[in-house]
Amino acid sequence: MFERFTDRARRVIVLAQEEARMLNHNYIGTEHILLGLIHEGEGVAAKALESMGISLDAVRQEVEEIIGHGTQPTTGHIPFTPRAKKVLELSLREGLQMGHKYIGTEFLLLGLIREGEGVAAQVLVKLGADLPRVRQQVIQLLSGYEGGQGGSPEAGQSAPGAGDAVGAGAAPGGRPTSGGVGERSTSLVLDQFGRNLTQAAKDGKLDPVVGRDKEIERIMQVLSRRTKNNPVLIGEPGVGKTAVVEGLALDIVNGKVPETLKDKQVYSLDLGSLVAGSRYRGDFEERLKKVLKEINQRGDIILFIDEIHTLVGAGAAEGAIDAASLLKPKLARGELQTIGATTLDEYRKHIEKDAALERRFQPVQVPEPSVELTIEILKGLRDRYEAHHRVSITDGALAAAAQLADRYINDRFLPDKAVDLIDEAGARMRIKRMTAPESLREVDERIADVRREKEAAIDAQDFEKAAGLRDKERKLGEERAEKEKQWRSGDLEEIAEVGEEQIAEVLANWTGIPVFKLTEAESSRLLNMEEELHKRIIGQNDAVKAVARAIRRTRAGLKDPKRPSGSFIFAGPSGVGKTELSKALAGFLFGDDDALIQIDMGEFHDRFTASRLFGAPPGYVGYEEGGQLTEKVRRKPFSVVLFDEIEKAHKEIYNTLLQVLEDGRLTDGQGRVVDFKNTVLIFTSNLGTSDISKAVGLGFSGSTATDTEAQYDRMKNKVNDELKKHFRPEFLNRIDEIVVFHQLTKDQIIQMVDLLIGRVSKALADKDMSIELSDKAKALLATRGFDPVLGARPLRRTIQREIEDQMSEKILFGEIGAGEIVSVDVEGWDGESKDTDKAKFTFTPRPKPLPEGKFSEISVEAAEAIKDVDSAADGDVPETDSLDGIDIDQLEKLDADAEQGTDIDRGSNDFYGTDGQSGGAAPQREQ
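What the sequence shown shows, in our numbering, is residues 796 to 1722, in sequence order.
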């Protein structure tokens, strides 16, 4: 039998068993089933009993009066009484007679009423319920019929003491009237599956609607038609489609609607709850028909279906029809006034395909509001957000939210994105203010420590100490109370203000784009940008100045808002720093070289691989994955994008990049617009440098400054000519600047030695070692690593071969260890000769100098080690525990004094020289 019961009906049976246990009854009777029905609280039966004013406590009290409370607790299985079994059979029969394939809580109530002789029926009668009337109301509720309509003589009556019965108390036209225990809704089915927006507007639960008068007026016109009076709001997500319907509900409440729409009730239908729990075929359709019947009977309902495209296919199991097909006839005849809302994409995808459904709706376009209108909308919402977050929001913050959201957030729409900025800025400010200050948290930690010490003292029965700690805890408590009072009277009583800076900070967290006002420190850093970049880039002044100008222009807010921050072609020989400058720029802007989006254009050499860059078109493999370039920029809109060796890419890629360079945007394979307005685009190329490299390789390099400049001019002209041959004019014309890099000179190569050795030094620092190079060693590395054709890359290989390889061998052999400085010099070379074949690098380790500071930082063991080193340098080993007049016992005493906090300067003992270093000479190990 129970397999035909719904989940709620089964829960009622379980609750009936629990009620029997609570009353110590060893059976389940009709009275326990009644208690279970009320206890369940959510089913139709519970709502019907609640509407009659019958409560769980009242029924339980009556049951105890009639039957009494058991004396012994009941364990194990509790059986049903014959009368309770009859009730279950009658409920099953009631369901089958009404054509229901499942038994819900309402049929259990009908079974109790139909049985009529049990304790449950006696309790209901005693509580004032008219059983035939209750039965009639439940049946009317099941069929979707509202009582009190059509001039029934019992319409305004209800059972004595029951308040308003289900369906009773409704005046002609379906409007509820007051009576009994208070005014109740007469739309139980609609209330179960929807929300009354008109009632929410009356209760002040809806936000004010600003600037949508045209759309609301258009909806009123469509609703006032005789047939096909069903508007559908079409617009992008977040533009305010639902707000337009809420505006209509507010206008109905305020009486700002024509006579045809007065006293109408706007209900928002929740399709999700309508579908939820419909396990058998026909359940969903039955629920929807009940809703439609209730709407038809009342005649004053305007139905709002948000995301109306979900109607198509909703509830359609195999062999069943969907919700849209059920609604079509009523929509066509004008019997059902429906407002729909959906996005442009979903409307095209679902509703336009169904021509029969589309012609029953009248589209009403809801465009994205302008920035000015968005500011007015935000002003209308300001009071709600100020009250919620307990902050004050300035006019400047509202304007900044609208303007910054419009400019920097391109994948969402106004006013939604601006409202979210305001909301999060308010939340952030409130959290910041409501967090206790550091001083208060420190006092809390001290109190916790004292309490732990006090408990430990009590456990150790040291009551004198515990009493002292108790007094200390009391004083700390008073101190905490005073600090908390100051905090609450200071920060919390002042209303925090959300301004432009707070909005900019939230936007920067969302997008990674630094749009907040320039601080003095950042302004100074930007002005010294060339100097910072030159720490990594040797020479190439023109290129460094070009990128610095672009970044300063962007941060000052003077760049063209529709174009990228900067676009450059870096041309020139290989190995002169084109890629390195891009990495240095990313490191300067983001503090991390990995912030560079690097695309190797050699991978996109044909038209088929080109789709990987921007996303495969629909129907192709990888369509859902997006493009390698577009996905990275979409996630990091403020970035440096490096197209390495652009000349190797397929020519179709250049055509696609035209709109990126001009309009700062690109549409990927999925139709999403990716914003490039805050990126720096860098294209590197080796075009036109091959002939110059050959000339240099044959020995035609410039020997004087004039020759070098003339050679650079020839290379620049050659590069420009090659670029014009390879790229179309419209591509080159969109580039901000073409920078031709200089070839590196020998002096610059020597400077690069310091840069590259610095990286080796960082690796050695992790092992507590360091390295020093003599001028001769640097010159030899520059001579061996200098190749005007290949640039700086041979130098990196030379350092790896001559320095890193030899150092690694010496570390593994134990010749060099932690705490040593390795001095690198050269033997067998005079420093000027071009013949370097006999030159050899030497590596001489020496101990690191003693750290600067107080003698108290040197332990006795360190002093003994220094003694041994100095003695070994002098050629003898001491036989006594004395060292330059100070014995080890005295050092131990000094060390003990140091631990007690006595500071002893190095210069205060003869053991140290005037510079704080050991008087002995450091040992020198030969290679």
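Glycine included, each C-beta is placed from N, C-alpha and C at the ideal position.
For residue i, the first and last residue of its enclosing beta strand (DSSP E)
i: S1063; result: 1060-1064
i: A1444; result: Per DSSP, A1444 belongs to no beta strand (DSSP E) and is neither H nor E.
i: I1029; result: 1026-1029
i: G1135; result: 1132-1137
i: P1642; result: 1635-1642
i: G989; result: 989-991
i: A1390; result: Counting along the chain, A1390 falls outside any beta strand (DSSP E), and DSSP gives it neither H nor E.
i: T1479; result: 1475-1480
i: L1121; result: Unbroken run through L1121 is the alpha helix (DSSP H), 1118-1128; no beta strand (DSSP E).
i: E1622; result: 1615-1622
Cutoff 7 Å; reference residue i; Cβ partners in own chain excluding five residues on either side
i: F902; result: S886, E889, G890
i: D1254; result: none
i: K1354; result: R1348, S1360
i: S1677; result: Legend: pLDDT at S1677 = 45, less than 50; position of this residue unreliable, value from coordinates given subsequently. Cβ within range, chain order: n/a, list empty.
i: V1245; result: L1264, K1267, E1268, L1271
i: V1005; result: E1171, I1172, G1175
Whole-number beta carbon distance between residue j and residue i, since they are thought to touch under 8 Å
i: E1163; j: F1208; result: 5 Å
i: I758; j: I1188; result: Any answer about residue 758 is impossible in this case: the structure gives the chain only from 796 up to 1722.
i: A1044; j: V933; result: Wrong, their Cβ atoms sit about 31 Å apart, outside the cutoff.
i: G1370; j: R1588; result: 4 Å
i: V1034; j: V839; result: Not confirmed; about 39 Å, so no contact.
i: K1085; j: V984; result: 5 Å
Cut-off 6 Å between Cβ atoms - residues of its own chain near residue i, not counting five sequence neighbours on either side
i: T1105; result: L1066
i: L1380; result: V1342, V1435
i: G951; result: A caution first: G951 carries a pLDDT of 31, below 50, which makes its placement in the model too unreliable to give a value.
i: A1444; result: M1396, F1399
i: R806; result: E835
i: L1069; result: F988, R1082
i: P1026; result: I1014, V1017, I1134, Q1157, V1159
Residue from the options whose Cα sits closest to the Cα of residue i
i: I1533; options: K1513, M1564, I1545, V1005; result: K1513
i: A786; options: A1213, R990, V1238, D1463; result: Outside the shown range of the chain, which is 796 to 1722, sits residue 786, and nothing can be said about it.
i: A1220; options: D1211, A1196, E1080; result: A1196
i: R1579; options: E1398, W1624, E1604; result: W1624
i: Y822; options: N1323, L829, K1629, Q812; result: Q812
i: D1561; options: R1467, L1001, A1613; result: A1613
i: S1556; options: E1599, E1273, I1544, Q1538; result: E1599
i: H820; options: T870, T801, L1551; result: T870
i: L1424; options: D1470, E1259, E1504, K1633; result: D1470
i: E1477; options: L1456, F1438, Q1454; result: Residue 1477 is actually Ile in this sequence, not Glu. For I1477, the nearest C-alpha among the options comes from F1438.
i: V1052; options: K1088, G1035, M1015, Q1060; result: M1015
i: K997; options: I1029, G1033, G1050, N1024; result: G1050
i: Y1203; options: T1137, A1276, G1307, A1251; result: G1307
i: D1078; options: P1642, L832, G899, R1020; result: G899
i: V1017; options: L1126, A924, K1084, E912; result: L1126
i: R1402; options: R1596, R928, I1448, H1329; result: I1448
i: E1525; options: L1122, Q1546, N1450; result: N1450
Host alpha helix (DSSP H) of residue i (start-end)
i: L1559; result: 1541-1560
i: A1324; result: It should be noted that the sequence gives Met, not Ala, for residue 1324. Start and end: 1324-1328.
i: S1603; result: 1600-1608
i: A1345; result: 1336-1350
i: N1304; result: 1295-1306
i: D1008; result: 1008-1018
i: Q1423; result: 1423-1430
i: M817; result: 802-817
i: G1361; result: Unbroken run through G1361 is the beta strand (DSSP E), 1361-1366; no alpha helix (DSSP H).
i: F1409; result: 1406-1409
Chain-order list of residues whose beta-carbon lies under 8 Å from that of residue i (same chain, five-residue window excluded)
i: D1458; result: K1357, R1358
i: T1631; result: L1575, T1578, R1579, W1624
i: E910; result: T825, R878, K881, V882, L885, A916
i: T1593; result: L1576, R1579, G1580
i: L810; result: L830, G831, H834, E835
i: V1166; result: A1197, Q1198, D1201, L1209
i: G865; result: L818, N819, H820, N821
Item to check | Complete beta strand (DSSP E) runs within the stretch 1174-1247 (minimum length 3 residues, chain order) | outcome: Residue ranges of uninterrupted beta strand (DSSP E) with 3 or more members, entirely inside the stretch 1174-1247 and ordered along the chain, are 1186-1188.
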